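Participant: Read top to bottom, the protein sequences are chains A, B and C. For the first sequence, our numbering gives the first residue as 1, with consecutive numbering after it. For the second sequence, our numbering gives the first residue as 237, with consecutive numbering after it. For the third sequence, our numbering gives the first residue as 493, with consecutive numbering after it. Think of the CB as a built atom: it goes at the ideal place given N, C-alpha and C, for glycine as much as any other residue. Values in this document were obtained by computation on a predicted structure and should not be read as measured data.
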Amino acid sequence: MLLLELSKHAGYLPVTLPAPSQVWSALLANPRGIGLALGETTMNAIRGYAVAIVVALGAAFIAAFVAALRPTIYNLGVGLSSIPLIAATPLLALWLGNGPLTRSLIAGLASYFPLLVGAMQGFRAYETNHMELFHVYSASRWRVFRFLILPSSLPYLFTGFKLAAPLAVLGSLTAELTGAENGIGVLMLNALFNFDIKMVWLTVLVACAMSGAGYAIWALIERLTIYWEAPSNSSG
Amino acid sequence: MRAAPTFLKRLSMVFLVTVILLGAWQMAIVAFRIPPYLLPTPASVGAAFITNRATLIDHTAFTLLSAFIGLAVSGLLAIGLAVLFVTYKPVSQAAMPVVILFRSAPVTAVAPLIMLFVGRGIATSVVVVVIVSFFPILVNMMRGLMRADPNALELLHVYGATRWQHIRYVQAPYSLPFLFAGLRVASASAVLGAMLSEWVTGSPGLGVLILESGVMREIETLWAAVITSVVFALIVFALTSAAEKAVLHWKAAQPT
Amino acid sequence: MPKDLTVKDASKWFDSRGQQVIALDRASLSLPAGGFGAIIGPSGCGKSTLLRMVADIIAPSAGSILVGNEKPSTARLEHAIGFVFQSATLLPWRTVRENIALPLAIVGRKSKRVARRTPDELIELVSLQGFEDALPAQLSGGMQQRVSIARALVLAPDILLLDEPFGALDEITRQRMNLELLRIWAESSTTALLVTHSIDEAVFMADSVFVMSPRPGRISQVVDVPLPRPRTLQMMSSKIFFDTVNRVREGLYGIDAQGTADLAAGAPAVVQ
């Protein structure tokens, strides 16, 4: 940072790379506007992410109990994910209006796939031996789920949560590019058109921080939740 | 050859389902009087395909070209770096944080920066594609290289094999399934990355076509472009899966 | 209360690429209530298949199995079966005590089964005091298997099935675990059926050794062990032990083929 700052003042850096202090001043120039934009983008991302979690985990839960539906659910998921985000955005905007609803849904669409894959893999990640044990004790399906399937799936679920959080931010940002009134993506696009280099950098850094934070929060929760180590291979 | 008839059968099934869906689509619009801005008729979308075919082809070619070049560059780069990282652990420890930083950055945020540096045009698209597709290939390739059977490696060591022979005979084959898993993810995000960077730079690709026809309310053109992009996303996915099957004939199970 | 076990002409066959593969061919055995039986045989003789059929993990293709007077499925639903797997099969996120208590949690309070033991009582029985709150990953292989035995006993099963429980342990640990298992079995009043591929282990532990031969898997011989109880390590160097081991060995290598039997008899005997 210091190096960047010094070399900027010495005139070594191109116009396109501002000094850290310049980016900082862009933040100080309009902290309220940037805060509002950040709130807008974050809220859309969180709403979409929450919907994606409910839908993906619900679908995986059904797939875990009804084996016949498993391929259908997975193929639907793959099919939906193969629609490019960019193709879905204008269509949703046409159908649902160009508002927070559309942008939340895009965030959900962007982030549900790793959640679905993680949950579907996770719900089948138990060991066969363990399942036989539960069978010998004639455990009810619900108890099998609670005592075996759910805990076994946690590492996979967290992988899904971690991967999906930055994608929800990406979806929320991308949806703003089709013409939202407010949001980090909007500020970014405006700054780009006005060739406001400091502002471009500021918005980019804020966006990166958002998705980094999404990942980091889940990594922290994961570390606090999964206290046991990976099953050790005790064969000698 | 038992494969050919089943393939033809599947193809005809797909065709049949498509025709039925198109028919249902057309009828639903007529029956429920759905206004065209919500859902245009297949016939009008078909007409848009024909009248705009030159634009569609040009824009699609631009997007595919940037996705392809970017994917090729990032593939070579990622494979090379993966071998380097796995062979020299200190390098990997030094470089991984930078790689992860790049990866957690949203494409939408990266594209404007790249544009500042390399300007509007295909270069930005290519660089963005490289960045978004690089990480999945690198991570999967590294995981695969490290997954090699330690006994097989020890065997080669006992025979005095060189570093290169270790990679050639054991590590590379072990990593192939992982490489393909990475390529599948990467190719999907490559198309997405290419289209996204067009949104930012305004280069004449499919992404821009979708954006502009959406803004201009040219619904039929919008649908034609969206369908084209979905079809190409599916084709890219199918191609990587097919290549995977062809190369991995010895392996029945799929890696996670 | 321990229950006797009667297996009559139990068979199991699978369809593999249109071909019928017989895993187990008309196996019959009986074990009195409170007795200790051992099934021995080479890999692929169907000994685990037989054990899993008794536990109602897989169903026989033909024949009958009775635990007491009940079908295995009934016995299983009554939680009368304890099963110890080859690997400890502990849930890595549950502590030692929680793993032992798992069957209690699975069965719930509504179960009619009253004969239960407390986890703490069992921790003492398998000598794991001080490790109640340890996670499985912090235990050695032998200790993990002890937890799994304690777990199998928590519902006071009428029959305890053990599928090569010490197969993954080293010889020294294994010997000690065998002694402990005998002590636990004597204190628990349960019928026990052990699958093993060690002749010494089978003879040392059991009242009757069921010798199996492969392709198709069948019980080729039953060898009774005339050693008194409680068993001690000294017995392993006795003449009775030595003779019984040889009879099992002959059963395993085939008494019809004279040369094979000679070869078996000439092979180095028990090293203890």
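1) Can you have a look at H130/A and say buried or exposed, based on whether 16 or more other CB atoms are within 10 angstroms of its CB?
2) Kindly list the residues whose CB is nearer than 6 Å to the CB of Q490/B, restricted to its own chain and excluding five residues on each side of it in sequence; keep chain order.
3) Does S579/C get closer than 9 Å to chain A when you measure Cβ to Cβ?
4) Quick one: what's A554/C bridged to in DSSP?
5) Would you mind reading off the limits of the beta strand (DSSP E) that contains S280/B?
6) Taking the C-alpha atoms as reference points, what is the distance between I557/C and R609/C?
7) In whole angstroms, what is the alpha-carbon distance linking C208/A and A56/A?
8) What are the boundary residues of the alpha helix (DSSP H) that includes V421/B?
9) Among P440/B, G429/B, N387/B, L470/B, which residue has its Cα nearest to the Cα of S310/B?
10) Does any residue of chain C have a CB that is nearer than 9 Å to the CB of Y227/A?
11) In whole angstroms, give me the CA-to-CA distance for S235/A and P708/C.
12) Restricting to runs no shorter than 4 residues, where is the alpha helix (DSSP H) found entirely within the region 183-236 of chain A?
13) Excluding sequence positions up to five away, which residues of its chain have a Cβ less than 7 Å from the Cβ of A644/C?
14) Consider the Cβ of P151/A: report whether some Cβ of chain C lies at a distance smaller than 9 Å.
15) Could you round the C-beta distance between A469/B and P114/A to whole angstroms and report it? I think they count as a contact, below 8 Å.
16) Give me, in chain order, the residues of the same chain whose beta-carbon lies closer than 6 Å to that of L685/C; leave out the 5 immediate sequence neighbours on both sides.
17) Less than 9 Å between the beta carbons of L148/A and L274/B, yes or no?
18) Please report the straight-line C-alpha distance between A547/C and L631/C, rounded to a whole angstrom.
19) For the region 521-589 of chain C, which segments carrying the beta strand (DSSP E) assignment without a break, of at least 3 residues, lie completely within its bounds, in sequence order?
20) Restricting to runs no shorter than 3 residues, where is the beta strand (DSSP E) found entirely within the region 647-679 of chain C?
21) Using the DSSP secondary-structure output, state which residues sit across from R702/C in a beta bridge.
22) Using a Cβ cut-off of 9 Å, which residues of the region 75-106 of chain A contact any Cβ in chain B, in chain order?
23) Is there at least one Cβ from chain C nearer than 9 Å to L133/A's Cβ?
24) Where does T736/C land, buried or exposed, given buried means 16+ other C-beta within 10 angstroms?
25) Among all the DSSP beta bridges, which residues are the ones paired with I452/C?
26) Per DSSP, V687/C forms a beta bridge with which residues?
27) I'd like to know whether the C-beta of T72/A is nearer than 9 Å to at least one C-beta of chain B.
28) At 4 residues or longer, and completely inside the region 8-37 of chain A: list those alpha helix (DSSP H) runs for me, N to C.
29) Could you say which of E570/C, S503/C, S730/C lies nearest to I550/C if we only look at CA atoms?
30) Starting from S465/B, follow the alpha helix (DSSP H) in both directions and report where the run begins and ends.
31) Got a sec? Which residues, its chain only, sit under 7 Å from F665/C by beta carbon, not counting five neighbours each side?
32) What's the call for T437/B, buried or exposed, on a 16-neighbour Cβ count within 10 Å?
33) When we look at the beta-carbon of T688/C and count the other beta-carbons within 10 Å, is it buried (16 or more) or exposed?
34) Count the other C-beta atoms from every protein chain shown that fall within 10 angstroms of the C-beta of A572/C, then say buried if there are 16 or more, exposed otherwise.
35) Kindly indicate the opening and closing residues of the alpha helix (DSSP H) around A68/A.
36) Check the Cβ-Cβ distances between N129/A and every residue of chain C, and say whether any is below 9 Å.
Facilitator: Checking against the coordinates, here is how it stands:
1) By the neighbour-count rule (16 or more Cβ atoms within 10 Å), H130/A is buried.
2) At Q490/B, the pLDDT of 44 sits below 50, so the modelled position is not reliable; the number obtained from the coordinates is stated separately. Closer than 6 Å at Cβ, skipping near neighbours: no residue.
3) For S579/C, the answer is yes, since a Cβ of chain A falls inside 9 Å of its Cβ.
4) Note: A554/C sits in a beta bridge opposite S503/C.
5) S280/B -> not in any beta strand (DSSP E); alpha helix (DSSP H) instead, spanning 278-287.
6) Each residue's Cα considered, the two are about 27 Å apart.
7) If you take the alpha carbons of C208/A and A56/A, they lie about 25 Å apart.
8) If you look at V421/B, you'll find it in the alpha helix (DSSP H) that goes 408-437.
9) Selected option, being the one with the closest Cα: G429/B.
10) Yes, because at least one Cβ of chain C sits closer than 9 Å to the Cβ of Y227/A.
11) Confidence at S235/A is low in this model, with a pLDDT of 34, below 50, so the placement of that residue is unreliable and no value is reported for it.
12) The qualifying runs are 184-193, 197-225.
13) Closer than 7 Å at Cβ, skipping near neighbours: G574, F575, V576, L652.
14) For P151/A, the nearest beta carbon of chain C is closer than 9 Å to its own beta carbon.
15) Rounded to whole angstroms, the Cβ separation of A469/B and P114/A is 17 Å, and the two are not in contact under 8 Å.
16) Here the set comprises G529, L653.
17) No, they are not a contact pair.
18) If I take the Cα positions, the gap works out to 27 Å.
19) Qualifying beta strand (DSSP E) stretches, in chain order: 528-532, 554-559, 573-576.
20) List check, beta strand (DSSP E) in window: 651-655.
21) Here residue 702/C is Phe; the residue named in the question, Arg, does not match the sequence. I531/C, V714/C.
22) Cβ contacts with chain B: V78, G79, S81, S82, I83, P84, L85, I86, A87, A88, T89, P90, L91, A93, L94, W95.
23) So, interface residue.
24) T736/C counts as buried, since no fewer than 16 other beta carbons sit within 10 angstroms of its beta carbon.
25) Nothing can be reported for residue 452/C, as the shown portion of chain C is limited to 493 through 764.
26) Beta-bridge pairing links V687/C to I531/C, D655/C.
27) Not closer than 9 Å to any Cβ of chain B, the Cβ of T72/A fails to qualify, so no.
28) As far as the region 8-37 of chain A is concerned, its whole alpha helix (DSSP H) runs of at least 4 residues are 20-29.
29) When each option's Cα is compared against that of I550/C, the closest is S503/C.
30) Its alpha helix (DSSP H) spans residues 455-483.
31) Phe is not the amino acid found at residue 665/C; the sequence shown has Thr there. Within the same chain, T665/C has close Cβ partners G634.
32) Counting every other CB atom within 10 Å of its CB across the protein chains shown gives T437/B a total of 16 or more, marking it as buried.
33) So T688/C ends up on the buried side.
34) Buried, because 16 or more other Cβ atoms sit within 10 Å of the Cβ of A572/C.
35) Premise fails: A68/A is in no alpha helix (DSSP H) and is neither H nor E.
36) Proximity of N129/A to chain C, defined by a Cβ-Cβ separation below 9 Å, is satisfied.
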